[in-house]
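S.K.: Before I ask anything, here is the structure I am working with.
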């Protein structure tokens with residue numbers, strides 16, 4: 359899943375019971391088996407969504423320049439850093455959003471994500487292959503968002519596949535878990551349900567490059583005239599081997615706003631007018647200078663306007679492993 363975003367209400371998920379549509383003459387033990395499989399699958403899903411809370415979680419802290427998980431060990435020199443105004447940064451972001459809406463129909467990417475969940479616990483970094491058909495295909499903002507995810511890491515999530523199509527399947531995610539039990543069925547979950555939100559900061563409805571830009575502009579506009587905020591721009595910052603634009607936003611004191619941060623960093627691909635990375639860090643604990651990571655989203659190996667079709671968001675796609 360993405361970008362940066364919002365609130366939701368916790369709900370108890372509705373799970374389709376295979377026994378509910380069974381013929382009346384089905385023998386009782388088959389109904390019991392179906393219910394048992396549903397319960398077992400949900401148990402696996404809940405455990406994997408929550409992750410292993412006892413395992414150590416790597417903590418990223420903000421310094422002069424913190425390497426991303428994908429860049430660790432591959433730091434290179436960047437260009438000169440200059441100070442810019444928040445208005446200048448917002449102009450760049452606004453131009454990027456306008457061109458994204460006008461020209462980005464779909465894309466694939468390798469998304470590397472790490473974030474605190476809603477209780478403030480930093481989750482392990484996860485990596486997933488992503489397909490997205492945007493809400494603004496053809497430059498019109500009236501298309502349903504379509505998302506396909508395949509998790510590659512951590513091991514507790516590897517192999518999970520998720521499809522979500524706005525306004526289809528009763529608005530639910532279709533989730534297929536890895537493993538023998540998970541592979542037996544596809545589980546529908548409300549995007550903002552308790553199970554779907556375990557270990558997550560935002561629902562899948564907010565995933566993607568467009569929402570990342572929208573949230574950035576929304577947050578930045580609140581700080582446009584704040585004298586306690588400074589913005590630093592570095593050109594020729596290497597990201598995926600390409601010289602892009604790095605922007606670093608620093609606060610000298612808390613803003614008191616929701617989703618407040620001490621430092622935020624983003625990488626702008628100006629040739630394509632896309633923000634391909636966003637990270638934010640919180641305020642240090644008393645007696646410490648370290649700023650713990652709040653959220654980090656990096657889009658690598660990005661391919662745009664690849665011509666995704668309905669087949670790319672269909673559980674019957676033979677390249678996927680959804681239960682039939």
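Numbering (the working numbering), first residue to last: 359 to 682. Virtual Cβ for every residue (Gly too), placed ideally from N, Cα, C. Note that the coordinates shown come from a computational prediction; the quantities given were computed from them, not determined experimentally.
According to the Cβ coordinates, are residue 523 and residue 671 closer than 8 Å?
M.R.: Translated into positions along the chain shown, residue 523 becomes position 165. Translated into positions along the chain shown, residue 671 becomes position 313. In this structure, residue 671 lies closer than 8 Å to residue 523 by Cβ.
S.K.: Between which two residues does the alpha helix (DSSP H) containing residue 575 stretch?
M.R.: For the purposes of this step, residue 575 is identified with residue 217 of the chain shown, where counting begins at 1. Where residue 575 is concerned, the enclosing alpha helix (DSSP H) stretches over 567-580.
S.K.: Determine the extent of the beta strand (DSSP E) in which residue 442 is found, giving its start and end residues.
M.R.: Along the chain shown, read from residue 1 onward, the residue named residue 442 stands at position 84. Note, residue 442: beta strand (DSSP E), 439-442.
S.K.: Take every Cβ of the region 465-482, pair it with every Cβ of the region 611-620, and state whether three or more of those distances are shorter than 8 Å.
M.R.: Judged by Cβ distances under 8 Å, the region 465-482 makes no contact with the region 611-620, as fewer than three pairs qualify.
S.K.: So what does DSSP say about residue 447, is it helix, strand or coil?
M.R.: Translated into the one-based positions of the chain shown, residue 447 becomes position 89. It is helical.
S.K.: List the DSSP bridge partners of residue 521.
M.R.: Position 163 of the chain shown, counted from the first residue, corresponds to residue 521. The partner list for residue 521 (beta bridge, DSSP) reads 506, 532.
S.K.: Do residue 472 and residue 651 have their C-beta atoms within less than 8 Å of each other?
M.R.: Position 114 of the chain shown, counting from 1, holds the residue named residue 472. Position 293 of the chain shown, counting from 1, holds the residue named residue 651. The answer is yes: Cβ separation under 8 Å.
S.K.: Counting along the chain, where does the beta strand (DSSP E) carrying residue 595 start and finish?
M.R.: Working through the chain shown from its first residue, we reach residue 595 at position 237. That run of the beta strand (DSSP E) goes 587-597.
S.K.: Tell me the residue span of the beta strand (DSSP E) that contains residue 471.
M.R.: Taking the chain shown and counting its residues from 1, the one referred to as residue 471 is at position 113. Element bounds for residue 471: 464-473.
S.K.: Would residue 528 be called buried (16 or more neighbouring beta carbons within 10 Å of its own) or exposed?
M.R.: Here residue 528 refers to the residue found at position 170 when the chain shown is read from its first residue. Residue 528 comes out exposed.
S.K.: What is the DSSP secondary structure of residue 544, reduced to helix, strand or coil?
M.R.: Counting from one through the chain shown, the residue named residue 544 turns up at place 186. Residue 544 falls in the coil class under three-state DSSP.
S.K.: How should residue 573 be labelled, buried or exposed, when 16 other C-beta atoms within 10 angstroms of its C-beta is the threshold for buried?
M.R.: Sequence index remark: in the chain shown, residue 573 carries index 215 (1-based). Buried.
S.K.: So, is residue 566 buried or exposed, given that buried needs 16 or more other C-beta atoms within 10 angstroms?
M.R.: Walking along the chain shown from the start, residue 566 turns up at place 208. Per the 10 Å Cβ criterion, buried.
S.K.: To the nearest angstrom, how far is the alpha carbon of residue 598 from that of residue 509?
M.R.: If you number the chain shown from 1, residue 598 lands on position 240. If you number the chain shown from 1, residue 509 lands on position 151. Approximately 20 Å between the Cα atoms of the pair.
S.K.: With a 10 Å radius around its C-beta and 16 neighbouring C-beta atoms as the bar for buried, classify residue 432 as buried or exposed.
M.R.: Within the chain shown, residue 432 is the residue found at index 74, counting from 1. Note that residue 432 scores 34 on pLDDT, short of 50, meaning its location in the model is unreliable; the coordinates nonetheless yield the value given after this. So residue 432 counts as exposed.
S.K.: Can you name the start and end residues of the beta strand (DSSP E) that residue 659 belongs to?
M.R.: In the chain shown, counting from the first residue as 1, residue 659 sits at position 301. Where residue 659 is concerned, the enclosing beta strand (DSSP E) stretches over 651-662.
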